[in-house]
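Report on one structure; see the data block that follows.
Number of protein chains: 2
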Amino acid sequence: MRFSEKKTATILRQHGYKFTPQRRVVTQTIASTQDHLTPAAIYEKVHQEHPNIGLVTVYRTLDILAKLGLICELHAGGSCHSYTTSASEHHHHLICSNCGKVVDFSGYDLSELKQRLSLETGFEIEDHLLEFIGLCQACQKEVIR
Amino acid sequence: MRFSEKKTATILRQHGYKFTPQRRVVTQTIASTQDHLTPAAIYEKVHQEHPNIGLVTVYRTLDILAKLGLICELHAGGSCHSYTTSASEHHHHLICSNCGKVVDFSGYDLSELKQRLSLETGFEIEDHLLEFIGLCQACQKEVIR
DNA sequence: TTGTAATTGAAAAATATTATCATTTAATAA
DNA sequence: TTATTAAATGATAATATTTTTCAATTACAA
Numbered sequence: 005m006r007f008s009e010k011k012t013a014t015i016l017r018q019h020g021y022k023f024t025p026q027r028r029v030v031t032q033t034i035a036s037t038q039d040h041l042t043p044a045a046i047y048e049k050v051h052q053e054h055p056n057i058g059l060v061t062v063y064r065t066l067d068i069l070a071k072l073g074l075i076c077e078l079h080a081g082g083s084c085h086s087y088t089t090s091a092s093e094h095h096h097h098l099i100c101s102n103c104g105k106v107v108d109f110s111g112y113d114l115s116e117l118k119q120r121l122s123l124e125t126g127f128e129i130e131d132h133l134l135e136f137i138g139l140c141q142a143c144q145k146e147v148i149r
Numbered sequence: 005m006r007f008s009e010k011k012t013a014t015i016l017r018q019h020g021y022k023f024t025p026q027r028r029v030v031t032q033t034i035a036s037t038q039d040h041l042t043p044a045a046i047y048e049k050v051h052q053e054h055p056n057i058g059l060v061t062v063y064r065t066l067d068i069l070a071k072l073g074l075i076c077e078l079h080a081g082g083s084c085h086s087y088t089t090s091a092s093e094h095h096h097h098l099i100c101s102n103c104g105k106v107v108d109f110s111g112y113d114l115s116e117l118k119q120r121l122s123l124e125t126g127f128e129i130e131d132h133l134l135e136f137i138g139l140c141q142a143c144q145k146e147v148i149r
């Protein structure tokens, strides 16, 4: 599943949110790059084309998009508070520590581990976080080691 | 491996850092709770017993301890910038979304996935992040659902 | 087209984090 | 044990980040 404006609009409206031009632009901006972006970076990009969109709106939009699963917040590599577009239904991320490029992957099943942990600890597991960090092919050549 | 003051002192000194009373207190504070703590929470606890230890020292100490692997930074459950003691060599975390209790687990091998991802994407993988979030046994009874 | 609740932008407030610097201190070697 | 020295500390200030507030605007359902 690729990024789709119609999907974004539908999901927003389904949850009682309006599909405003600002939200469209923010979503589009995050979807149109391969790396992950911080709120400040998103604001900067957005602001270039749309100087009337404020930083506060970016923050508010990020909160909503993340809550609805339309974007993902990344953590590995020290880059907390950084967002990437949410392409497929359930997936995990592989992040380049040099250029920030994000590659999605899916098809890895953690349910066995989840079950083991439930049994061993008594926890009722709700969610998980799985990310890999490393050097993408392009950066392996560039980076001095 | 449990928390040991001697180990903390040794590792700090091995890396050219001094083992100061402040660092001892911060490390001990993080080790003496089951949950994860934010810098502010750590400062608050530390400050009660040692009013002379400042917030800046707490921040500086957390950076060093994290870098040396003596404490772990947690991310799942919206609690970025939250720390827990680092018990065993390599392990992952299971976090209670209600009370913040952290349970370590190890013995789960991601190397097969790591290899698959390397092959598929060309990435040279450096590290990963794996955390589970859920309700611990005690909180399952308490929390209204 | 209209009514209304949601959204926005701007400014201010609140939080969180980092830099600076004079003073103190841990750890090494004499 | 003492002297030496580089590292660490605490206090303050500076910076960065995020949230609140509120009047004006706007999306969208009726």
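Chains as they are written, first to last, in our numbering: chain A, 5 to 149; chain B, 5 to 149. Idealized CB from N, CA, C, for every residue including glycine.
Checking the sheet assignment: what are the DSSP bridge partners for Ser86 (chain B)? B:Leu78
Taking Phe23 (chain A) as the query, report the chain B residues whose CB atoms sit under 9 Å from its CB, ordered along the chain. Result: empty, since nearest Cβ-Cβ is about 25 Å, beyond 9 Å.
Give a yes or no on whether 8 Å exceeds the smallest Cβ distance from His132 (chain B) to chain A. yes
Let's see if you can read the secondary structure: which residues bound the alpha helix (DSSP H) around Leu121 (chain A)? 115-125
Give the secondary structure of Ile46 (chain A) by DSSP, where H, G and I count as helix, E and B as strand, and everything else as coil. helix
Going by DSSP, what residue range makes up the beta strand (DSSP E) through Asp39 (chain B)? Unbroken run through Asp39 (chain B): none, as it is neither H nor E.
For a contact meaning CB atoms closer than 8 Å, what does Cys76 (chain B) contact in chain A? Simply none; closest approach about 12 Å.
Using DSSP's beta-bridge definition, name the partner residues of Phe109 (chain B). B:His96
Could you list which residues in chain B have their beta carbon closer than 8 Å to that of Leu98 (chain A), in chain order? Leu121, Thr125, Phe127, Ile129
Interfacial residues, the stretch 83-108 of chain B to chain A, with Cβ spacing under 8 Å: Cys84, His85, Leu98, Cys100, Ser101, Val107
Within its chain, find whatever has a CB closer than 7 Å to the CB of Leu74 (chain A); leave out the 5 residues flanking it on each side and keep chain order. Thr12, Ile15, Thr31, Ser90
Is the CB-CB distance between Ser92 (chain B) and Ser115 (chain B) below 8 Å? no
Can you find a C-beta in chain B that's less than 8 Å from the C-beta of Lys118 (chain A)? yes
Could you list the residues in the stretch 37-67 of chain B with a C-beta less than 8 Å from some C-beta on chain A, going in chain order? none
Buried or exposed for Ala142 (chain B), going by 16 or more other Cβ atoms inside 10 Å? exposed
Of all Cβ atoms in chain A, is any one closer than 8 Å to the Cβ of Glu135 (chain B)? yes
For His54 (chain A), tell me which candidate among A:His96, A:Leu41, A:Leu98, A:Arg28 has the shortest Cα-Cα distance. A:Arg28
So, at 8 Å on beta carbons, what are the nonlocal neighbours of Asn102 (chain B) in its own chain, with the 5 sequence-adjacent residues on each side left out? Leu139, Cys140, Cys143, Glu146, Val147
Would you report the Cα separation of Thr33 (chain A) and Thr24 (chain B), rounded to the nearest angstrom? 47 Å
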